[in-house]
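As you go down the protein sequences, you meet chains A and B in turn.
The working numbering puts the first residue of the first sequence at 679, with every later residue one more than the last.
The working numbering puts the first residue of the second sequence at 847, with every later residue one more than the last.
Note that beta-carbon positions come from the ideal geometry of N, C-alpha and C, so glycine has one too.
First the structure, in the form of structure tokens, and then the observations on it.
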Amino acid sequence: MEFLTIIQILDSTIRLATPLLLACLAGLFSERAGIFDIGLEGKMLMAAFFSAAVAAVTGNVWLGLLAGIAASLVLSVLHGVASITFRGNQLISGVAINFLASGLTVLIAQDWFKQGGRTPSLFSGGRFEGWEWPFAIGPADAAATGQPVSRLMAEANPVHQVYSELLSGHSILVYFAFLAVPATWWILFRTRFGLRLRAVGENPAAVDTAGVSVVGLRYAAVLICGLLCGIAGAYLATALQAGFVKEMTAGRGFIALAALIFAKWRPWHAMGACLLFGLLQAIALRFQNIELGGLTIPVQAMDALPYVLTVVILAGFVGKAIPPRAGGQPYVKER
Amino acid sequence: MTLMKSLMGAAASLALTAGAALAEPALIFDLGGKFDKSFNEAAHNGASRWAEETGGSYREIELQSEAQREQALRRFAEAGANPVITMGFAMADPLSTVAADYPDTKFVAVDVTWLEAPNIRQIGFAEHEGSYLVGMMAAMASKSDTVGFIGGMDIPLIRHFACGYAQGVKAVNPDAKVVANMTGTTPAAWNDPVKGSELTKSQISQGADVIYAAAGGTGVGVLQTAADEGILSIGVDSNQNHLHPGKVLTSMLKRVDVAVYEAMKAGEDLETGVFTMGLAEDGVGYALDEHNAPLVTDEMKAAVEEAREKIIAGEISVASYYENDSCPALSF
């Protein structure tokens, strides 16, 4: 395999891992505070729709991003009200959010745009363009030399290839997602807020005894979750794609949950898991069937691998995945 | 109360018989949805044309899941719709059971040609012939001698498209490389533009500079990314040239709209049996309009037109993937 091919697969990995990573960190905040959230998928979908819709109407992608985040926050508050204030079942609330988003996005899209549940295609200004770093090989060089970018890239030296293909040229949300990993680690493990947030997921009664509001902390966690899901959805609709189509999240919220379990609810490991799952997808996209010493691995096996790995982890073959102890249980102050 | 009940019952049965007497046609869209800018949208266009021209009305449903197929068929047949037009190969199984239960209703199956029933009009298209022509155009437009193909769900029909395309490419340039990918193996593959985009980027990095998408809604992502990255794409089923003017080389037209229009026009007197619409019947073809005029050279037009006539005359034979489930020009 050529060096450039590997770089290109890694480049694809980064693009595919970004929505997973954002959703995974979103789930991390929520679940660390004891609120299971299987509504990641629905929040991303809702954010994808509203970001694309507002970006299409206003022509401003930043307004789109804000709208996407707002839509996702609304669903988060809904999840919070159902599972924190009214102490409902968190899983059922999550499922309801997924159904709600799946139906509502298409319904509103049809009513607003009359294009069969999609938004109009976004043009420049309405999208997050790739951020070309200085000295990276890009369309400008292609125009100057009259050669296609792919040929210029193939002729460049390896360091320049890594710089131009792998590091440069992603949308700004990608860099944000990867910066969010150390930020999450720092917030959770180096701040007072993070300590309390983790404690509320392990033993809310102890936090309550210390005079800290369990409900407040859990709401904060759920809102951070909504914020990150909103960015993930906006990334799908306005950076990876140019518009919303129905069910465009295509199960990425669930893969993010799988990654979260795989990472055993830790930020750096979450990044590793998301990159691994992204890499599996990228390889599956690049090669239809993989020949390994006479053995042919069909593309379907690669697609199923994230789920298989999660089951292996859950079954306890590779260490034990222990969720936050108070996860899934509504906190009742007095009985 | 009982009087009310019987009155309402009478009114309901009256409404039912009135509906039956009119015998509206019905149209069942496949999972891609009515506005997929491709296969199903072509059917919608044909039906709208019929409705505008005749002032008639028709019933329609967009399927949301596999389980609804048989249910929708039975609902329309029970309601007296005639003919009931279905889209896509996946309707074959439900049709084979439902059609026998409603011998007086006529069914139309687009993309199905293998059922045995007296009341089904089965319409197949010679997609390989149309794909052959756009394959020739792709090879002539390509500067890197590498072209791409992105299919939706990995089914024989889509391989049939890919096979005709690859043969067309090789006819122009025997040394050209065809990179072919399928989006997936489940119906979700018809509606995953993100994956379509990523496949496009992967093919571009392998050198492809013209990419043919036969992937329903996924193709929207393919065409978008191709336009973003400054290469050419080829649309499918409907004329998709207008989606990115100057960036879409052409579209392989599959005149599903004509098939639906004619079925609706014939109404209850519809002729049943198996029909194949190829180049000779104008059932498939390639799109030329103001959006792709600057991209298509006279040389291309002449070559493609010549090949079209030769295929109709039988001088060129385009191998069909269905014949022995393999393709002479492309391995999957």
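- Query: How about A/Gly758 and A/Ala725: do their beta carbons lie closer than 8 Å?
  - Reply: No Cβ-Cβ contact shorter than 8 Å links A/Gly758 with A/Ala725.
- Message: Give me the residue from B/Val954, B/Gly1076 and B/Lys1111 with the minimum Cα distance to A/Gly816.
- Response: The residue with the shortest Cα to Cα distance from A/Gly816 is B/Gly1076.
- Query: Thinking just about the alpha-carbon of each residue, which of B/Ile907, B/Gly1113 and B/Ile931 is nearest to the one in B/Lys880?
  - Reply: Closest in alpha carbon position to B/Lys880, among B/Ile907, B/Gly1113 and B/Ile931, is B/Ile907.
- Based on Cα-Cα distance, which residue from B/His1137, B/Leu979 and B/Ala938 lies nearest to B/Trp960? Of all alpha-carbon atoms in B/His1137, B/Leu979 and B/Ala938, the one lying nearest the alpha-carbon of B/Trp960 is that of B/Ala938.
- Output the distance between the C-alpha atoms of A/Leu992 and A/Leu938, rounded to the nearest integer angstrom. About 11 Å.
- Task: Report the residue from A/Phe922, A/Ala982 and A/Ile713 whose alpha carbon sits nearest the alpha carbon of A/Trp943.
- Result: Of the candidates A/Phe922, A/Ala982 and A/Ile713, the one whose C-alpha sits nearest the C-alpha of A/Trp943 is A/Ile713.
- Would you list the one or two residues that DSSP bridges to B/Lys1023? According to DSSP, B/Lys1023 bridges with B/Thr992.
- Query: DSSP puts B/Gln968 in a beta bridge; with which residues?
  - Reply: B/Ala955 and B/Val1120, per the DSSP bridge assignment.
- Task: Measuring only between beta-carbons, confirm whether B/Gln1086 sits less than 8 Å from chain A.
- Result: No, its Cβ sits nowhere closer than 8 Å to a Cβ of chain A.
- Message: So, for A/Ala915: in the same chain, excluding its five sequence neighbours on each side, which residues have a beta-carbon less than 6 Å away from its beta-carbon?
- Response: Taken in chain order, the residues that qualify are Ala726, Ser729, Ala730 and Phe922.
- Query: Can you give the beta carbon distance from A/Cys907 to A/Ala695, rounded, assuming they're within the 8 Å contact cut?
  - Reply: Not confirmed; about 16 Å, so no contact.
- Does any residue of chain A bring its CB to less than 8 Å from the CB of B/Leu1045? At least one CB of chain A lies nearer than 8 Å to the CB of B/Leu1045.
- Message: By the 9 Å beta-carbon criterion, what residues does the segment 917-948 of chain A contribute toward chain B?
- Response: Answer in chain order: Leu918, Gln919, Ala920, Gly921, Val923, Lys924, Glu925, Met926, Thr927, Ala928, Gly929 and Arg930.
- Determine, using beta carbons only, whether A/Pro826 comes closer than 8 Å to chain B. Judged by the 8 Å Cβ criterion, A/Pro826 is in contact with chain B.
- Task: Measure the C-alpha to C-alpha separation of B/Leu909 and A/Leu866 and round it to an integer number of angstroms.
- Result: Using only the alpha carbons, I get a separation of about 46 Å.
- Message: Measuring CB atoms only, is the segment 1037-1048 of chain B touching the segment 970-978 of chain B, in the sense that at least three cross pairs come out at less than 8 Å?
- Response: No, the segment 1037-1048 of chain B does not touch the segment 970-978 of chain B.
- Message: Can you tell me where the alpha helix (DSSP H) holding B/Val930 begins and where it ends?
- Response: From DSSP, B/Val930 is part of no alpha helix (DSSP H) but of the beta strand (DSSP E) over Val930 to Met933.
- Query: Quick one: is A/Thr869 buried, meaning 16 or more other Cβ sit within 10 Å of its Cβ, or exposed?
  - Reply: By the neighbour-count definition (other C-beta atoms within 10 Å, threshold 16), A/Thr869 is an exposed residue.
- Within 10 angstroms of its Cβ, does B/Asn1170 collect 16 or more other Cβ (buried), or is it exposed? So B/Asn1170 counts as exposed.
- Task: Report yes or no: is there a C-beta of chain A within less than 8 Å of the C-beta of B/Pro940?
- Result: By this cut-off, B/Pro940 is not an interface position.
- Query: Along chain B, which residues have their Cβ under 9 Å away from the Cβ of A/Pro836?
  - Reply: Among the residues of chain B, none has a CB under 9 Å from the CB of A/Pro836; the nearest is roughly 16 Å distant.
- Expressed to the nearest angstrom, what Euclidean distance is found between the alpha-carbon atoms of A/Thr974 and A/Ser750? When only Cα atoms are considered, A/Thr974 and A/Ser750 end up about 42 Å apart.
- How many Å lie between A/Pro697 and B/Pro964 at the Cα? About 51 Å.
- Task: Note down, in chain order, every chain B residue with its Cβ under 8 Å from the Cβ of A/Gln978.
- Result: Below the 8 Å Cβ cutoff, chain B contributes Thr1031 as neighbours of A/Gln978, in chain order.
- Item | chain B contact for A/Gly794 (CB, 8 Å cutoff) | With its beta carbon less than 8 Å from one in chain B, A/Gly794 belongs to the interface.
- Message: With the cut-off set at 8 Å, would you say B/Ile996 and B/Thr1046 are in Cβ contact?
- Response: B/Ile996 places its beta carbon less than 8 Å from that of B/Thr1046.
- Message: Helix, strand or coil, according to DSSP, for A/Leu987 in the structure here?
- Response: Correct three-state label for A/Leu987: helix.
- Query: If we cut at 8 Å on Cβ distances, does B/Ala867 have a partner in chain A?
  - Reply: Bear in mind that the predicted position of B/Ala867 carries a pLDDT of just 49, short of 50, making it too unreliable to give a figure here.
- Query: Is the segment 1015-1028 of chain B in contact with the segment 977-991 of chain B, if contact means three or more CB pairs nearer than 8 Å?
  - Reply: Three or more beta-carbon pairs separated by less than 8 Å link the segment 1015-1028 of chain B to the segment 977-991 of chain B, which places the two stretches in contact.
- Message: On the DSSP bridge list, what partners appear for B/Tyr1132?
- Response: BP columns for B/Tyr1132 point to B/Met1098.
- Between the C-alpha atoms of A/Phe955 and A/Ile716, what's the straight-line distance to the nearest angstrom? It is roughly 18 Å from the alpha-carbon of A/Phe955 to the alpha-carbon of A/Ile716.
- Query: In chain order, what residues of the same chain have a beta carbon less than 6 Å from the beta carbon of B/Ser1097, not counting five sequence neighbours either side?
  - Reply: Closer than 6 Å at the Cβ level, and outside the excluded window around B/Ser1097, lie Gly1081, Asn1085, Gln1086, Asn1087 and Ala1133.
- Message: Quick check: what's the CA-CA separation for A/Ala1004 versus A/Ser891?
- Response: The alpha-carbon of A/Ala1004 is positioned some 15 Å away from that of A/Ser891.
- Message: The beta strand (DSSP E) that contains B/Arg905, what's its start and end?
- Response: For B/Arg905, the uninterrupted beta strand (DSSP E) segment begins and ends at Arg905 to Glu908.
- What is the DSSP secondary structure of A/Phe926, reduced to helix, strand or coil? Per the sequence presented here, residue 926 of chain A reads as Met, with Phe not at that position. Three-state result, A/Met926: coil.
- Query: Which residue or residues does DSSP assign as beta-bridge partners of A/Asp786?
  - Reply: In the sequence under discussion, the amino acid at residue 786 of chain A is Ile, which differs from the Asp named in the question. In the DSSP output, where bridge partners are listed per residue, A/Ile786 has none listed.
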